[in-house]
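Following: one structure in structure tokens, then a few remarks.
2 protein chains.
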Amino acid sequence: MKKVVKFGGSSLASAEQFKKVGDIIRSDASRRYVVPSAPGKRHSKDTKVTDMLYACYALAEADKDFSAALQKIRARYDEIIKGLGLKMNLDSEFKTIEKNFKDKAGSDYAASRGEYLNGIIMAEYLGFPFIDAAEVIRFDAKGNFDADTTDSLLKTRLEKNEYAVVPGFYGAYKNGTVKTFSRGGSDITGSIVAKAARVDVYENWTDVSGFLMADPRIVKNPKQIRTVSYKELRELSYMGASVLHEDAIYPARIADVPINIRNTNDPEDPGTMIVSPERAEQLISGESSRDIITGIAGSKDFTVVTLYKNMMSQERGFVRRILGILDDYDINFEHLPSGIDTVSVVMSNKQINGRLDEILVEFQSRLRPDSIDVIENIAQIATVGHKMSARRGTAATLFTALANAGVNIRMIDQGSSELNIIVGVDNNDFNKAIQAIYRAFVEA
Amino acid sequence: MKKVVKFGGSSLASAEQFKKVGDIIRSDASRRYVVPSAPGKRHSKDTKVTDMLYACYALAEADKDFSAALQKIRARYDEIIKGLGLKMNLDSEFKTIEKNFKDKAGSDYAASRGEYLNGIIMAEYLGFPFIDAAEVIRFDAKGNFDADTTDSLLKTRLEKNEYAVVPGFYGAYKNGTVKTFSRGGSDITGSIVAKAARVDVYENWTDVSGFLMADPRIVKNPKQIRTVSYKELRELSYMGASVLHEDAIYPARIADVPINIRNTNDPEDPGTMIVSPERAEQLISGESSRDIITGIAGSKDFTVVTLYKNMMSQERGFVRRILGILDDYDINFEHLPSGIDTVSVVMSNKQINGRLDEILVEFQSRLRPDSIDVIENIAQIATVGHKMSARRGTAATLFTALANAGVNIRMIDQGSSELNIIVGVDNNDFNKAIQAIYRAFVEA
Chain A
59 MKKVVKFGGS SLASAEQFKK VGDIIRSDAS RRYVVPSAPG KRHSKDTKVT
109 DMLYACYALA EADKDFSAAL QKIRARYDEI IKGLGLKMNL DSEFKTIEKN
159 FKDKAGSDYA ASRGEYLNGI IMAEYLGFPF IDAAEVIRFD AKGNFDADTT
209 DSLLKTRLEK NEYAVVPGFY GAYKNGTVKT FSRGGSDITG SIVAKAARVD
259 VYENWTDVSG FLMADPRIVK NPKQIRTVSY KELRELSYMG ASVLHEDAIY
309 PARIADVPIN IRNTNDPEDP GTMIVSPERA EQLISGESSR DIITGIAGSK
359 DFTVVTLYKN MMSQERGFVR RILGILDDYD INFEHLPSGI DTVSVVMSNK
409 QINGRLDEIL VEFQSRLRPD SIDVIENIAQ IATVGHKMSA RRGTAATLFT
459 ALANAGVNIR MIDQGSSELN IIVGVDNNDF NKAIQAIYRA FVEA
Chain B
59 MKKVVKFGGS SLASAEQFKK VGDIIRSDAS RRYVVPSAPG KRHSKDTKVT
109 DMLYACYALA EADKDFSAAL QKIRARYDEI IKGLGLKMNL DSEFKTIEKN
159 FKDKAGSDYA ASRGEYLNGI IMAEYLGFPF IDAAEVIRFD AKGNFDADTT
209 DSLLKTRLEK NEYAVVPGFY GAYKNGTVKT FSRGGSDITG SIVAKAARVD
259 VYENWTDVSG FLMADPRIVK NPKQIRTVSY KELRELSYMG ASVLHEDAIY
309 PARIADVPIN IRNTNDPEDP GTMIVSPERA EQLISGESSR DIITGIAGSK
359 DFTVVTLYKN MMSQERGFVR RILGILDDYD INFEHLPSGI DTVSVVMSNK
409 QINGRLDEIL VEFQSRLRPD SIDVIENIAQ IATVGHKMSA RRGTAATLFT
459 ALANAGVNIR MIDQGSSELN IIVGVDNNDF NKAIQAIYRA FVEA
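Here the protein sequences come in this chain order: A and B.
Those letters in the first sequence? Residues 59 to 502, by the numbering used here.
Those letters in the second sequence? Residues 59 to 502, by the numbering used here.
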């Protein structure tokens, strides 16, 4: 058994948190590769070290004095080193950083030092070798992540190291210039290491015990999701649930490495397992009590434009012309539910971006529909569950719950072999609808 | 009050039926314009006069002796004339027909004689002027119905005739050459006359008391539909319900003339009114007991192809490329329900026409989806009802009924402001599903 363990910023914000992390790693010898983030907030008004680094470098770039700002950053690390009782100092590291800031090494380099330094401390604390991500995570000349080169560089390095610390968030071009992933990028590093090392599990340690079945701001104390498939997760996240970034899931997904979301502050909690649909079925069958649905997510502010035209189906290319117009406006539509002689276009208000009237004029002049109907302020809610649609009565439960809650259904979309049913409701009914669905499937 | 009354072939198959028709027309002085079909079947093993005419003309065209065949046709008319006690004969008419058959006047001309002769008898029987449709219903040089010219020709003629008989099914080119509508075309003639004469109602008399809420082969003694909007009717007919042909509805619809389907054998029955949505609302509010739904129709043998591709929504033009492939295969898709990262294409097996494997190969090579899922033998069922979707609980009732009947739902499609909900079920569940929906909405 081999595991990659990635720790988020809040898990590494202080010496106290570092100790929890150390206990977690030492308690399981299979936790061999450690991907740390930079120190996060110690309390709600604190500043993340990464943000401190960006601010500090901004001064450097403007040729202003940044020594006090850099000293503050160093203080964060020194506090951790001291708290852990380590016999090390970052003198030479900070000298190098100061010099590189003066040489305008770039904001990517600056930001990456948060993870880099935390990695050095982590390696010392655990007694693991430190592998600089700049040496093993490669970007190509266009600035895109070079998966193949990275995979081979990392594999070679990790084969020589049974245990290692690889800082998250950054890599480098072939010439060594540091480049970072988008923020939250340590999750990506963890996933890349998981793939390269062919581990059995990628543990992603954070400050929550996995994902919840619904937004806790809408549903009181929602249950935790124990097992979720990649596809389900993608659907929940698409609909607004705050989960891992897609880029962070991709490498683990293609290597079929399960991702386990864990809570550093509650290490006994098994958290959420993100797995392939095949593994999901196995795991779910082992769960003592499993709800029919995996989760509910939704998002507000969509507009539904319905075009009616008699004998539309005989007018070849009608839908393609709609899509052509949307393309002209650079709009990615959400859904295209169709009836007989009607087709509806569901678009986010964000994509419409104030151009609705313009778009309607285009529709009118280029498609010549008999009528156009517009409903604004629609929320979409996805009720997600692996193989849910194959289970009899799911739709009945869903729509009965909505009817009893007095929610009007403005749109339904469920493709064949889907994992979910998407309903459109008025924005105003958004919370009520999610609460009703949750009650019907989870609390009933 | 002005009405056009059109009578189907079974309503005019014999002198006995003619008498019923005469009583109907004479009982209401507003029934001013009469559009007769050709004599239909008198009993289940009988032959329609139109079919006799086609067969007779086929002989003529092959330079064979057709006198016996023509004599049989004449016998049908003579029987009616005799039964009605009319003092007239068709000697000169049949002489002309015989001559024109020999001159190979065309099968359209031949077929049209069924309505032409019946119109002459009807005019004599009622004492109404006879207007030959060849003089007032015009086709353009390409063989398309010329609505504008017809409208003005007919209007002028009808203004001079308070009452008239206009035979159905045919018209003529400018040069007088007869051309027929597609079969069942007397319905079209009725609708054209209704529009030109600006009548208040177009009564379409047939052998059933209007439309039924469901197929009587599936649901036992389904209730009659009293009022249906054009749109609802279109949806029901699209889904397989046997109603008026779209072309027959169009002229009345654009003139906003209600169409009343009536039963010649049960003239007291009010039948079904086909009206604009606005009129439908008025009429429905006057009905003593009105069901939430207007009707249920469905049809079998569809295939659902679901394409799954991670992050599909970020791949601009994905759906357009699907439609492009369908275009290459000359396929009109039925629906395009979409989920997150998935889009399903619903096509009739008839449109696929044995090329499914080929199409899947195209999808695979041109779209590179992560996976393709195919479900064959799907039936689509539309539950239709004006403003049904705005009524709370409709979806709940529908899906609960299907769940209780043990029907698996394979697809749902409901656009915003739709009149209907379309569900996909297995072909095997087709009857069961329709019965369950009918029970839930009508019998409950």
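Yeah, the Cβ is synthetic: ideal placement off N, Cα and C, and Gly gets one too.
(request) Would you mind stating whether B/Lys309 and B/Ser249 have Cβ atoms separated by less than 8 angstroms? (result) Working through the second sequence from its first residue, we reach residue 309 of chain B at position 251. Working through the second sequence from its first residue, we reach residue 249 of chain B at position 191. Note on residue identity: the sequence assigns Pro, not Lys, to residue 309 of chain B. Yes, the Cβ-Cβ distance between B/Pro309 and B/Ser249 is below 8 angstroms.
(request) For B/Ile470, return the contacting residues in chain A, with the cut-off set at a CB-CB distance below 8 angstroms. (result) If you number the second sequence from 1, residue 470 of chain B lands on position 412. Under the 8 angstroms cutoff, chain A gives Ala453, Ile470, Asp471, Gln472 and Ile479.
(request) Express the C-alpha separation of A/Val251 and A/Thr214 in angstroms, rounding to a whole number. (result) In the first sequence, the residue the question calls residue 214 of chain A occupies position 156. In the first sequence, the residue the question calls residue 251 of chain A occupies position 193. Rounded to whole angstroms, A/Thr214 to A/Val251 spans 12 angstroms at the Cα level.
(message) Taking the straight line between their C-alpha atoms, what separation do you get for A/Tyr260 and B/Phe360?
(response) Position 202 of the first sequence, counted from the first residue, corresponds to residue 260 of chain A. Position 302 of the second sequence, counted from the first residue, corresponds to residue 360 of chain B. Using only the alpha carbons, I get a separation of about 43 angstroms.
(request) Would you list the one or two residues that DSSP bridges to A/Pro94? (result) Sequence index remark: in the first sequence, residue 94 of chain A carries index 36 (1-based). Paired residue(s): A/Phe65.
(request) Quick one: measure Cβ to Cβ for A/Thr330 and A/Arg292, integer angstroms, because I've assumed they're closer than 8 angstroms. (result) Within the first sequence, the letter at position 272 stands for residue 330 of chain A. Within the first sequence, the letter at position 234 stands for residue 292 of chain A. So it is not a contact: roughly 14 angstroms between Cβ atoms.
(request) Closer than 9 angstroms by beta-carbon distance: list the chain B residues that pair up with A/Asp399, in chain order. (result) As a first step, residue 399 of chain A is located in the first sequence; it is residue number 341 there, counting from the start. What A/Asp399 touches in chain B: Lys289, Arg292, Glu293 and Tyr296.
(message) Which same chain residues end up closer than 8 angstroms to A/Met369 when comparing Cβ atoms and leaving out the 5 residues on each side of it in sequence?
(response) Numbered from 1 along the first sequence, position 311 holds the residue referred to as residue 369 of chain A. Closer than 8 angstroms at the Cβ level, and outside the excluded window around A/Met369, lie Asp399.
(request) Closer than 7 angstroms by C-beta to A/Met112: which residues in its own chain qualify, once you throw out the five before and the five after it? Chain order, please. (result) Counted from its first residue, the first sequence places residue 112 of chain A at position 54. According to the sequence shown, residue 112 of chain A is Tyr rather than Met. Result list for A/Tyr112: Ser165, Ala168 and Ala169, in chain order.
(request) Starting from B/Gly185, trace the alpha helix (DSSP H) both ways and give me its first and last residue. (result) Here residue 185 of chain B refers to the residue found at position 127 when the second sequence is read from its first residue. Segment: none, B/Gly185 is in no alpha helix (DSSP H) and carries neither H nor E.
(message) For A/Ile417 and A/Ile383, I'd like the C-alpha separation in whole angstroms.
(response) The residue you call residue 417 of chain A lines up with position 359 of the first sequence. The residue you call residue 383 of chain A lines up with position 325 of the first sequence. Spanning the two alpha carbons is a distance of roughly 8 angstroms.
(request) Could you check if A/Met146 is buried or exposed, using at least 16 other CB atoms within 10 Å of its CB as the buried criterion? (result) For the purposes of this step, residue 146 of chain A is taken as residue 88 along the first sequence, with counting starting at 1. Under this definition A/Met146 is an exposed residue.
(request) In the DSSP assignment, find the alpha helix (DSSP H) that holds B/Met252 and state where it starts and stops. (result) By one-based count along the second sequence, residue 252 of chain B stands at place 194. Looking at the sequence shown, residue 252 of chain B is not Met but Ala. Here the alpha helix (DSSP H) through B/Ala252 covers Ser244 to Ala254.
(request) Taking all protein chains shown into account, decide if B/Val79 is buried (16 or more other Cβ within 10 angstroms of its Cβ) or exposed. (result) Translated into positions along the second sequence, residue 79 of chain B becomes position 21. Buried, since its Cβ has 16 or more Cβ neighbours within 10 Å.
(request) Could you pull the start and end residues of the beta strand (DSSP E) that B/Leu365 belongs to? (result) What you label residue 365 of chain B is simply residue 307 of the second sequence in a count that begins at 1. Residues Gly353 to Tyr366.
(message) According to DSSP, simplified to helix, strand and coil, what is B/Ala273?
(response) Start at 1 with the first residue of the second sequence, and residue 273 of chain B comes out as number 215. A small fix is needed here, since residue 273 of chain B is Asp in this sequence, not Ala. Three-state DSSP puts B/Asp273 in coil, outside helix and strand.
(request) Starting from A/Val301, follow the alpha helix (DSSP H) in both directions and report where the run begins and ends. (result) Against the first sequence, residue 301 of chain A aligns to sequence position 243. Neither: A/Val301 is in no alpha helix (DSSP H) and is coded neither H nor E.
(message) I'd like to know if A/Val377 contacts chain B, where contact means its C-beta is closer than 8 angstroms to some C-beta of that chain.
(response) Residue numbering aside, residue 377 of chain A sits at position 319 when the first sequence is read from its first letter. Taking Cβ atoms only, chain B reaches closer than 8 angstroms to A/Val377, which makes this a yes.
(request) Would you check if the distance between the CB atom of B/Val377 and the CB atom of B/Glu392 is smaller than 8 angstroms? (result) Here residue 377 of chain B refers to the residue found at position 319 when the second sequence is read from its first residue. Here residue 392 of chain B refers to the residue found at position 334 when the second sequence is read from its first residue. Cβ distance not < 8 angstroms, so B/Val377 and B/Glu392 don't count as in contact.
(message) Using a Cβ distance threshold of 8 angstroms, determine whether the stretch 65-85 of chain B contacts the stretch 307-324 of chain B, with at least three qualifying pairs required.
(response) Yes, the stretch 65-85 of chain B touches the stretch 307-324 of chain B.
(message) Using only the alpha-carbon positions, how far apart do A/Glu151 and A/Leu270 sit?
(response) Residue mapping note: residue 151 of chain A aligns to position 93 of the first sequence, counting from 1. Residue mapping note: residue 270 of chain A aligns to position 212 of the first sequence, counting from 1. The alpha-carbon atoms of A/Glu151 and A/Leu270 are separated by roughly 41 angstroms.
(message) For A/Arg449, which residues in the same chain have their Cβ closer than 7 angstroms to its Cβ, ignoring the five residues on either side in sequence?
(response) Numbered from 1 along the first sequence, position 391 holds the residue referred to as residue 449 of chain A. Only Ile350 meet the Cβ criterion.
(request) Look at the alpha carbon of B/Arg468 and the alpha carbon of A/Gly375, and state the distance between them as a whole number of angstroms. (result) Here residue 468 of chain B refers to the residue found at position 410 when the second sequence is read from its first residue. Here residue 375 of chain A refers to the residue found at position 317 when the first sequence is read from its first residue. Taking the straight line joining both Cα atoms gives about 26 angstroms.
(message) I'd like to know if B/Ser371 contacts chain A, where contact means its C-beta is closer than 8 angstroms to some C-beta of that chain.
(response) Here residue 371 of chain B refers to the residue found at position 313 when the second sequence is read from its first residue. Interface residue, yes.
(request) Answer yes if the stretch 196-209 of chain A comes into contact with the stretch 117-128 of chain A, meaning at least three C-beta pairs across the two stretches below 8 angstroms, and no otherwise. (result) The stretch 196-209 of chain A and the stretch 117-128 of chain A do not touch, with fewer than three beta-carbon pairs separated by less than 8 angstroms.
(message) If you reduce the DSSP assignment to three classes, tell me which class B/Thr455 lands in.
(response) Here residue 455 of chain B refers to the residue found at position 397 of the second sequence. B/Thr455: helix per DSSP, three-state reduction.
(request) Name the residue from B/Ile480, B/Ile342 and B/Leu70 whose alpha carbon lies nearest to the alpha carbon of A/Gly397. (result) As a working mapping, residue 397 of chain A is identified with position 339 in the first sequence. Looking from the CA of A/Gly397, the closest CA among B/Ile480, B/Ile342 and B/Leu70 belongs to B/Ile480.
(message) For a quick check, are the C-beta atoms of B/Pro94 and B/Gly226 less than 8 angstroms apart?
(response) The sequence position of residue 94 of chain B within the second sequence is 36, counting from 1. The sequence position of residue 226 of chain B within the second sequence is 168, counting from 1. It is a contact, given that the beta carbons lie within the stated cut-off.
(request) Could you tell me the distance, in whole angstroms, from the CA atom of B/Leu294 to the CA atom of B/Leu302? (result) Along the second sequence, one-based indexing puts residue 294 of chain B at 236. Along the second sequence, one-based indexing puts residue 302 of chain B at 244. Looking at the two C-alpha atoms, the distance is approximately 11 angstroms.
(message) Against chain B, which members of the stretch 414-430 of chain A pass a CB distance test of less than 7 angstroms?
(response) Of all residues in the stretch 414-430 of chain A, none is placed with a Cβ closer than 7 angstroms to any Cβ belonging to chain B.
(message) Taking the straight line between their C-alpha atoms, what separation do you get for A/Ser240 and A/Asp204?
(response) Indexing the first sequence from 1 puts residue 240 of chain A at position 182. Indexing the first sequence from 1 puts residue 204 of chain A at position 146. When rounded, the distance between both Cα atoms is 15 angstroms.
(message) I'd like to know whether the C-beta of A/Gly329 is nearer than 8 angstroms to at least one C-beta of chain B.
(response) Along the first sequence, read from residue 1 onward, the residue named residue 329 of chain A stands at position 271. Not one chain B Cβ lies under 8 angstroms of A/Gly329.
(request) From the DSSP output, in three-state form, read off B/Asp484 for me. (result) As a first step, residue 484 of chain B must be located in the second sequence, where it is residue number 426. DSSP places B/Asp484 in strand when its eight states are reduced to three.
(request) Leaving out five residues on either side along the sequence, give the residues of the same chain with a beta carbon under 7 angstroms from the beta carbon of B/Lys358. (result) Taking the second sequence and counting its residues from 1, the one referred to as residue 358 of chain B is at position 300. Only Ala437, Asn485 and Phe488 meet the Cβ criterion.
(request) Report the partner residues of A/Thr238 according to the DSSP bridge assignment. (result) Residue mapping note: residue 238 of chain A aligns to position 180 of the first sequence, counting from 1. A/Thr238 is bridged to A/Tyr228.
(request) Please state if the CB of A/Leu142 and the CB of B/Ala454 are separated by a distance shorter than 8 angstroms. (result) For the purposes of this step, residue 454 of chain B is taken as residue 396 along the second sequence, with counting starting at 1. For the purposes of this step, residue 142 of chain A is taken as residue 84 along the first sequence, with counting starting at 1. The answer is no: Cβ separation not under 8 angstroms.
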